[in-house]
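Let me begin by presenting the structure, written as structure tokens, before commenting on it.
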Amino acid sequence: RLVAGKMGAKPEILQRVLWGEWTFNKKTKRVQRRSPLDTKSKPMFVEFVLQQIFAVYDASYKHLNTELLAKMQSQIAPWKEVDLGNLTAGAAAVRELMSRWQPFADCILRMAVQHLPSPLGAAANRLPVICPRWFASTENEAEGPIAEALRQGDAAGPTVAYLAKFLAADLERQVLTGDTLIGDEDVKFVGLCRVFSGTMRPEQHLFVMREEDSKEGRQRSLEIERVFLLKGRFMEAIAEAPAGSIVAVQVRQAGGETAKSHELGVERYLTLCDSTNGPVLETPYSSQAFAIVRVSIEPKNVTDLDALDRGLRLLHKADPSVSVEAMVTGENVLGCCGDEHLKRCITDLQKLYARGVPLSISTPLVAVREAIAPSVSADRVDPKSSQLWLPSWASHLLDASTEASSILSAPLSEYDEGSETGGGAPQ
């Protein structure tokens, strides 16, 4: 928009030629393709965007060039209130000038509004993915007030929300604690929630939608204690959150009892609805990615068993991709999505959730299951008939498996007969 305003061009047309090998001819005031042999002209993005940013860095980072900044100040309206005499060369000066000229938040929000569809416009593509039981089939598509409210994003309709993750928070100061554990008391959590229809309010009772509960005719309900608007790591209590809102909620069991960590720790992502006939939204977390790397964790001191149990419980609730298993041998097995995820989980245990507990961590556990088969089917190794396409060099497996099959499947009487002629069964 800034470049289009200086050139007197339309932003939509300028976007087509701002990228790629296009250059601006100052004599003819026209845009033309840049020849590969042209070493004098510059691409338009370099000339109109990068050079302006480089000029700010050159004039304020290493050495402060007040003359150049004064010339730029007369052309950049947000800089008129900046006192150039109080600036000191360095990163702080660059940050002060660039944040006033092109605020990052404004640019991102403007791009989101221009290029991303509205929640109402995206519902047609989103609903079959997040709720395939109701909206995947156009022939048997769900009907009723809840389904219609989801399609229209109706704030006045039935409330349907998805609680995607629990975040550690200091509810007294109304701030997300992140990687900082405050005090020795149990960590408080808020749920990161997206409201798809209806309006979420404090003291509202919502049912936890699960397939098994619906079949058995029992529904567990939660009470929304407080609703927070997220502003970075800070939270602001609000009276309501209409459809389309992304908020943090403090929940408790419907009955006044605060929800315990182990009760909501297992269900780390929930579909909430004010009706027992609500949908069950799909989870974004793939169970196939869980527990790729598994380690056994135990405290070096037996007296720290309770502290480790508390730490694993908090880690399990804070990270939806973590699995914690109690084996029949009594050991606790921690499953993570990979090596880096495992390192982060161990760091969180040692520095946040189980501080001061010396841990004994095993090497990664590998589950191996072995068996003996009488022969290998030719269909499993033949590249032409196998469902899994094998490379050409795998053809020797067919011959090896055939030989092994003839030996392993041979009757014992043959080995006995062979021993009479000097042969014998293979050892």
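Those letters in the sequence shown? Residues 1202 to 1628, by my numbering.
Where a beta carbon is used, it is the ideal one built from N, C-alpha and C, also for glycine.
Proximity of the segment 1391 to 1410 to the segment 1556 to 1563 falls short of the contact definition, fewer than three beta-carbon pairs being nearer than 8 angstroms.
Take Trp1223, set aside five residues on each side of it, and the residues of its chain with a beta-carbon closer than 8 angstroms to its own are Val1232, Gln1233, Arg1234, Arg1235, Pro1244, Met1245, in chain order. In its chain, beyond the 5 residues on either side, Val1295 have a beta carbon closer than 8 angstroms to the beta carbon of Tyr1258. If you draw a straight line from the Cα of Gly1392 to the Cα of Leu1473, it is about 12 angstroms long. Each of Gly1354, Gly1512, Arg1434, Lys1366 was checked against the Cα of Ser1522, and the nearest Cα belongs to Lys1366. For the 9 angstroms CB-CB criterion, Pro1279 and Arg1311 do not form a contact.
Just so you know, the alpha carbons of Leu1515 and Leu1364 end up roughly 17 angstroms apart.
Spanning the alpha carbons of Glu1213 and Gly1206 requires a straight line of approximately 12 angstroms.
Judged by their CB atoms, Gly1539 and Ile1498 are not nearer to each other than the 9 angstroms cut-off. Scanning Cys1537, Glu1483, Thr1530 for the CA closest to the CA of Val1496 turns up Cys1537.
Within the model, the alpha-carbon separation for Val1448 versus Leu1285 is close to 40 angstroms. Around Pro1320, the same chain offers Gly1354, Gly1445 as residues with beta carbons nearer than 6 angstroms, after the five sequence neighbours per side are excluded. Ranked by Cα distance from Val1481, the first of Ser1338, Arg1411, Pro1329 is Arg1411.
Cβ atoms of Leu1423 and Val1409 come within 8 angstroms of each other, at about 6 angstroms. Between Val1376 and Met1401 a beta carbon distance of about 21 angstroms is seen, past the 8 angstroms cut, so the two are scored as non-contacting.
Rounded to whole angstroms, Lys1227 and Ser1242 show a C-alpha spacing of 10 angstroms.
Beta-bridge pairing by DSSP links Gln1233 to Thr1224. Leaving aside the five residues that flank Val1525 on each side, the residues in its chain whose CB is nearer than 7 angstroms to its CB run, in chain order, Leu1513, His1517, Asn1533, Leu1535. Secondary structure of Gln1253 (DSSP, three-state): helix. In this structure, the CA atom of Phe1397 is about 33 angstroms from the CA atom of Asp1549. In the assembly as shown, Asp1507 is an exposed residue. Its beta-carbon has fewer than 16 other beta-carbons within 10 Å.
Taking a contact as a CB-CB distance under 8 angstroms, the pair Ala1293 and Leu1265 does not count as one, their CB atoms being some 11 angstroms apart. For the pair Glu1426 and Arg1453, the CB atoms are nearer than the 9 angstroms cut-off. With a contact defined as Cβ atoms closer than 8 angstroms, Trp1335 and Ala1325 miss out at about 13 angstroms. Following the DSSP letters along the chain, one finds Gly1399 in no beta strand (DSSP E), marked with neither H nor E.
For a cut-off of 8 angstroms, the C-beta gap from Thr1360 to Ala1370 is around 22 angstroms, too long to register as a contact. A distance of 9 angstroms or more separates the beta carbons of Ile1309 and Asn1478. Cα atoms of Leu1317 and Arg1556: separation of roughly 43 angstroms, rounded to the nearest angstrom.
With distances taken between CA atoms, Leu1553 lies nearest to Arg1511 out of Arg1511, His1542, Ala1527, Gly1345. Taking a contact as a CB-CB distance under 8 angstroms, the pair Val1283 and Phe1249 does not count as one, their CB atoms being some 23 angstroms apart. Gly1358 has its alpha-carbon roughly 32 angstroms from the corresponding atom of Asp1520. Annotated as proximal: Leu1328 and Leu1351, with beta-carbon spacing under 9 angstroms. Counting along the chain, no alpha helix (DSSP H) covers Thr1472; the unbroken beta strand (DSSP E) around it starts and ends at 1471 to 1474. In the three-state reduction of the DSSP assignment, Val1314 falls in the helix class, which pools H, G and I.
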